[in-house]
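Reviewing the structure listed below.
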Amino acid sequence: MVEASRDRAESPGNSAHRALSPDWQGWAACAVAVSGFVLCLVGRLAGGWSVSLPWAPSRGLRLDFALDGLGALYALLATGVGALVFAYGTAYLSLHLAHERRPAAERWRFWPWMALFAVAMVGLATAQDLILLFVFFDLTAVCSYFLIGFDRSRREARTAALMALLVTVVSAVALLVAAVLLYAEYGTFSIPRLVATVGAGTTTTVAGALVAVAALAKSAQVPLHFWLPRAMAAPTPVSAYLHSAAMVAAGVLVLGRVHPLLARSEAVLSGLVVVGAASILVGGVLALGQDVLKQVLAYSTISQYGYVVVLYGIGGAAGNGAAAFYVLAHGAAKSALFMTAGAVTMATGEDRLSRLGGLARRTPVLAAAAGVAAASLAALPLTVGFFKDELFFTAALDAGPLTTALAVVAAALTFGYIGRFWMLLFLGPARAEVGGRSRLLVAPVVVLAGVAVVAGVVAAPFAGLAAAAGTVSNAAPVTLSPAYHLDARPENLMALAAWLLGGLLLAARAPVGWASRGLAAAGARLGPRRAYEATLHGLARVSAALHDREVRDLRTSIAAVLVPAGLLTALAFAATPTAGAYRVGTVSGADWLVLPLLGLAVVATLAIAWSRARVAVVLALSVVGFALAAVYALMGAPDVALVAVVVETMLSLVFLAILARLPRDGPGRPPAAAAGPSGRWRDLLAGGLAGLAVFASVWGFLSQPAGTSVSAEQVRLTPGAHGGDVVTVIVADFRGLDTLVEVTVLLAAVIGVAALLRRGRLW
Amino acid sequence: MTPGSADQLPDAIVRVVARLLLGPSVIVAAGLIVKGYAEVGDGFGAGVIVALAIGLTYVALGREGAEAALPVLRHAPKVAVGGLLLALATGFVPLVSGNPPVTHSPAPGADVTKVGQLELITAVLLDVGIFLLVVGVLTVLLHQLALPDDEAGP
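Written out as structure tokens, the structure reads:
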């Protein structure tokens, strides 16, 4: 937003922007989200549904989806907030593109990813299988990469997109590892079946910790939180969706989904509480000093999902129910605040609190709606946020005095930073010009504020949804009955204490801001982002060094294949027993025909190495190929021989065609000679190593006694598959899936050739 | 194989042979597919044989000559994509009925309708798909390689 706002600052008023055509792609995405919302709602009211299709039955993998309580909550959140954000985005994106003088066609780079993201979130919410969970988890990360990097001409957007992708995808591997660990132990990927069978133990603890790592990175929890503030380089609708109710929610969704497994291990739950508490404090304290609007909200998100993680760490009926309710209440409030930030920046061209103020008089509706959203986040009464903190306090009270104190501090921090955000934005002297406003940038905020107020009065629908979700996470019934109680119960006292402390934070804004900025500076110098950047630079340097070596000339490219292949084979050779593995057979019958053919291949190979003329090299290569084809034919593999002959002919033809395109001069002196005698020795060494390794492998393979291998079994099964020819049956049936993948690669290769030679035109 | 002018083309015998070979090569390919499941040969080999005949036509007549003589060649990309889709469809249609991918029917041991030596099983469809893909892909590659540089380069 920084670049855009600078652009804006130069031309306030900005009536000169050419109007873009209506954003029908955006409205289509919005329609998808609305219909998804309606379907999920109908499904939920009908009592949920489930579908289970076989995917890879031999591995126990099924496409297993169910709209249970947890799935319904997250699916409704993702589609409901999605619909509003998409409607907002139709207005926002047009203005954004107009600012940056980009064509309307750029919408195609935006909306498909947004819609796919919404679909992936619903898939993630309803998936009942660890592998499916992983697939959708990564799908959201891939979408977020393209969305955060939408302004691809800006370096910071590209860095931020890569950072978000790397942090979330690399840690998502932990989820896959956990899935495989559990599969190895219990033989299923299905979450309901795992929940039913898994007991406490080391495997469960390790798997739970690994899942938690993936989920916490996704939910931007300390110490992997640093990607989220950077991801604010994304256009505002992306932040309002991904960084409030969707992408970061995916992490805690996974926690909620596998919570019964996590609950088998005290260590994992304690770890969650610690990480969540650290995130609450780090996010909350840093949010107090931020100047850029979206940065305040980003740190706030870190802190708020810290609440949810703490609640999942506390567990039990109170913790799980409160966590689900918290996600719902927070998602609605936070996306409203993100959209407020975007609307303000679009109207004024400013994106910093220090340059904004007094907007309440100019934009009263937005100020009121944003005020409700902020109040909901700060847990003031008459908003749904009050209940989220009430449930949070109840769970914290159950968990002990330390958690209770943490809860009060957390709520005070939230009150402090969100109060500061709203006051600096809407109160005080007006500092910025307010340009053209779009109703569509305000209406979704108003809708979400309305939802917050209605649910703040009648909490039953939200509570019912959250209780159903908590029941899934808790694997036992959860009931939630949030209500206003006008008495001196501990929850109310904690809320009062939090508001008081938060008020103090607001009153002492200046020193608090300094302290927060000091901490932020220290964190930037010593924090985990430094470690991330150092790792990335180190890896890039190693990769560049290897790459430079490999592509220096043809010899190093070939050596890069031959030497590692030879060394790996030598390693395998050293690690396996060799006694009796190498036998010298007898020469008899057709073998006497094979020997001269092999001799011919050897002579032709030597000729290739010595020859300087191109055509001679190509012809010698085809001699090698045909000699080997003849060997296949004699060794009883006519199929391979046929393929070898036709492919060899085609290769020779293609080689000659390529030679015809080269300049007439010969290849000149081979580089080996130019490199001097030491270069020649090095070549011999590399070639010799690889050759010896291949020789040893082939010899060892040929020494195996026949009849004990897979091939014997395939020969046995062939007649059953209506075939007489084993090779054909293997290709078309036994290994049919491999064949399908390989033929797909063939077409991809042609497209690659066409892209290189003719800019992608196939004909 | 040099693209371009008529003075570089090979002599009349090569040109005539190239034209004449195309028909028999298609027959051989068809034979390989039909017999493939019982004897030597499969869709891949058959595809390469037809592509070789097409390649020979390119050598004999030049790119323009070959494509003028066999206008059907310009459908090669469609043939390749169609072949791939046919192969993939054969592979994944069994999913609909709850079987693993690449489950062929009739099932092992069941009776098979025979037309001469050709057994009517879905594996043959897969082979036909691969045949079409290979012919299409190799023809596209021949076309691309035979294009002169100034037309091909960026």
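Which chain is which? The protein sequence lines are B and L, in order.
Numbering of the first sequence is given in numbering that gives the first Met the number 0, commencing with residue 0 and proceeding in unit increments.
Numbering of the second sequence is given in numbering that gives the first Met the number 0, commencing with residue 0 and proceeding in unit increments.
Beta carbons: idealized from backbone N, C-alpha and C, even for Gly.
(message) For the pair the stretch 89 to 99 of chain L and the stretch 43 to 57 of chain L, tell me if three or more CB-CB distances fall below 8 Å.
(response) no
(request) Give a yes or no on whether 8 Å exceeds the smallest Cβ distance from M649 of chain B to chain L. (result) yes
(request) Assign W513 of chain B to one of two classes, buried (16 or more other C-beta atoms within 10 Å of its C-beta) or exposed (fewer than that). (result) exposed
(request) Specify whether the stretch 492 to 503 of chain B and the stretch 405 to 419 of chain B touch according to this definition: at least 3 beta carbon pairs, one from each stretch, less than 8 Å apart. (result) Yes: at least three Cβ pairs fall under 8 Å.
(message) Less than 8 Å between C-beta atoms, sequence neighbours within five positions excluded: which residues of the same chain meet that for I48 of chain L?
(response) Once the five neighbours on either side are set aside, the close Cβ partners of I48 of chain L are S24, V27, A28 and L31.
(request) Rank B:P428, B:V456 and B:T344 by C-alpha distance to the C-alpha of G434 of chain B and give the top, closest one. (result) B:T344
(message) Determine whether the beta carbon atoms of A792 of chain B and V176 of chain B lie at a separation below 8 Å.
(response) No information on residue 792 of chain B is available, as it lies outside the stretch 0 to 762 that chain B covers here.
(message) Is there a Cβ of chain L sitting closer than 8 Å to that of E662 of chain B, yes or no?
(response) The question names Glu, yet the displayed sequence has Pro at residue 662 of chain B. Chain L contact via Cβ: absent.
(request) Just the C-alpha distance for L117 of chain L and L641 of chain B, rounded to the nearest angstrom, thanks. (result) Going from the Cα of L117 of chain L to the Cα of L641 of chain B covers about 20 Å.
(message) So within the stretch 240 to 273 of chain B, which uninterrupted alpha helix (DSSP H) runs reach at least 4 residues, ignoring any that extend past its ends?
(response) Runs of the alpha helix (DSSP H) lying entirely within the stretch 240 to 273 of chain B and spanning at least 4 residues, in chain order: 246 to 256 and 258 to 261.
(request) Put E118 of chain L into one of helix, strand or coil per three-state DSSP. (result) In the structure shown, E118 of chain L falls within a strand segment according to DSSP collapsed to helix, strand and coil.
(request) Can you check DSSP and say which residues form a bridge with K113 of chain L? (result) L:E118
(request) Ignore the nearest five residues each way along the sequence and tell me which others in R548 of chain B's own chain have a CB closer than 7 Å to its CB. (result) T555
(request) Look at the alpha carbon of G699 of chain B and the alpha carbon of Y581 of chain B, and state the distance between them as a whole number of angstroms. (result) 5 Å
(message) So, with DSSP's three-state summary, where would you put W54 of chain B?
(response) strand
(request) With a cut-off of 8 Å on the beta carbons, I'd call G40 of chain L and P76 of chain L a contact; round off their distance for me. (result) Contact doesn't hold; Cβ gap of about 26 Å is too wide.
(request) Please specify which runs of the alpha helix (DSSP H), each continuous and at least 4 residues long, are wholly inside the stretch 81 to 125 of chain B, giving them in chain order. (result) 110 to 125
(request) For G186 of chain B, collect the residues of the same chain with a Cβ closer than 6 Å to its Cβ; drop the 5 residues on either side in sequence, then sort them by chain order. (result) none
(message) By the DSSP assignment, the alpha helix (DSSP H) with A506 of chain B in it spans what residues?
(response) P489 to A506
(request) Output, in chain order, the set of chain L residues within a Cβ distance shorter than 8 Å of I657 of chain B. (result) L144
(request) Run the CB neighbour count on L140 of chain L, radius 10 Å, all protein chains shown included, and call it buried at 16 or more, exposed below. (result) Buried: at least 16 other Cβ atoms inside 10 Å.
(request) With a threshold of 16 other CB atoms inside 10 Å of the CB of G288 of chain B, please say whether the residue is buried or exposed. (result) buried
(message) I'd like to know whether the C-beta of F43 of chain L is nearer than 8 Å to at least one C-beta of chain B.
(response) yes
(message) Whole angstroms are fine: how far does the CA of F225 of chain B sit from the CA of R528 of chain B?
(response) 6 Å
(request) Please report how far the alpha carbon of L213 of chain B lies from the alpha carbon of V251 of chain B, in whole angstroms. (result) Rather than Leu, the amino acid found at residue 213 of chain B in this sequence is Ala. The alpha-carbon atoms of A213 of chain B and V251 of chain B are separated by roughly 10 Å.
(request) Measure from the C-beta of D10 of chain L to each C-beta in chain B and report whether the shortest distance is under 8 Å. (result) no
(message) With the cut-off set at 8 Å, would you say L76 of chain B and L310 of chain B are in Cβ contact?
(response) no
(request) Indicate whether the contact test is met: 3 or more Cβ pairs, each with one atom in the stretch 178 to 193 of chain B and one in the stretch 53 to 61 of chain B, closer than 8 Å. (result) Flag = yes, the stretch 178 to 193 of chain B and the stretch 53 to 61 of chain B touch.
(request) List the residues of chain L whose Cβ lies closer than 9 Å to the Cβ of G735 of chain B, in chain order. (result) T89, G90, P100, V101, T102, H103, A122 and L125
(request) Out of B:T235, B:G148, B:R256 and B:F149, point me to the one whose CA is closest to D128 of chain B's CA. (result) B:R256
(request) Check A65 of chain B in the structure and name its three-state DSSP category. (result) Under the three-state reduction of DSSP, A65 of chain B is assigned to strand.
(message) Less than 8 Å between CB atoms is the rule here; does I26 of chain L satisfy it with respect to chain B?
(response) no
(request) State the Cα-Cα distance for the pair V477 of chain B and V452 of chain B, rounded to the nearest angstrom. (result) 25 Å
(message) Taking 8 Å as the cut-off, does the stretch 312 to 321 of chain B touch the stretch 462 to 479 of chain B (at least 3 CB pairs, one atom from each stretch)?
(response) yes
(request) Can you say whether A17 of chain L is buried or exposed, counting buried as having 16 or more other CB atoms within 10 angstroms of its CB? (result) By the 10 Å Cβ count, A17 of chain L comes out buried.
(message) Any beta carbon of chain L sitting closer than 8 Å to that of V749 of chain B?
(response) yes
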